[in-house]
Amino acid sequence: MSQHNMVLFFTLACFGKSVFEFLSVVCSAGKIGQEDDALKKLVVRFSEKAAYNFYVDGKICLPKLHCFGLLAETIRGTTLELSGGNLFVLKYNLILSVIGLMVTYGVLIFQFK
Numbered sequence: 277m278s279q280h281n282m283v284l285f286f287t288l289a290c291f292g293k294s295v296f297e298f299l300s301v302v303c304s305a306g307k308i309g310q311e312d313d314a315l316k317k318l319v320v321r322f323s324e325k326a327a328y329n330f331y332v333d334g335k336i337c338l339p340k341l342h343c344f345g346l347l348a349e350t351i352r353g354t355t356l357e358l359s360g361g362n363l364f365v366l367k368y369n370l371i372l373s374v375i376g377l378m379v380t381y382g383v384l385i386f387q388f389k
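Residue numbers (this note's numbering): 277 to 389.
Laid out in structure tokens, this is it:
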């Protein structure tokens, strides 16, 4: 009986560790998206402020303005996100999907017993 309890404890400990790691990865991936949005806003604001300063000073340099425009457009068009081999994006809604999947398979396994 003691060996059975040890195996059960080890299984539950591994399951708990796996759940903790999964939640940590998904929450970190969600924060990456939020930080990406904040970074985009800061860089676009910086490029617009620099372009405005060039305009106010009367030193409009078309190549620099063009570079700032390209920088802002590039940053707006790209997204920084964590994905699983470019097959799916890790976001907070993945937690609900995995929970639903586990419940579904749990029901199937109990029905076949």
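Backbone N, C-alpha and C fix where the C-beta goes; we use that ideal spot for every residue, glycine too.
So, are the CB atoms of V320 and R352 less than 9 Å apart? Here residue 320 is taken as the residue at index 44 of the sequence shown, counted from 1. Here residue 352 is taken as the residue at index 76 of the sequence shown, counted from 1. Yes, the Cβ-Cβ distance between V320 and R352 is below 9 Å.
Cβ-based neighbour list, A305, same chain, cut-off 6 Å, excluding 5 preceding and 5 following: Position 29 of the sequence shown, counting from 1, holds the residue named residue 305. Taken in chain order, the residues that qualify are L358 and L366.
S278, buried or exposed, once every other Cβ within 10 Å from all chains shown has been counted against 16: As a first step, residue 278 is located in the sequence shown; it is residue number 2 there, counting from the start. Exposed.
Contact the segment 284 to 298 vs the segment 335 to 344: 3+ CB pairs below 8 Å: No: the two stretches stay apart, fewer than three of their Cβ pairs being nearer than 8 Å.
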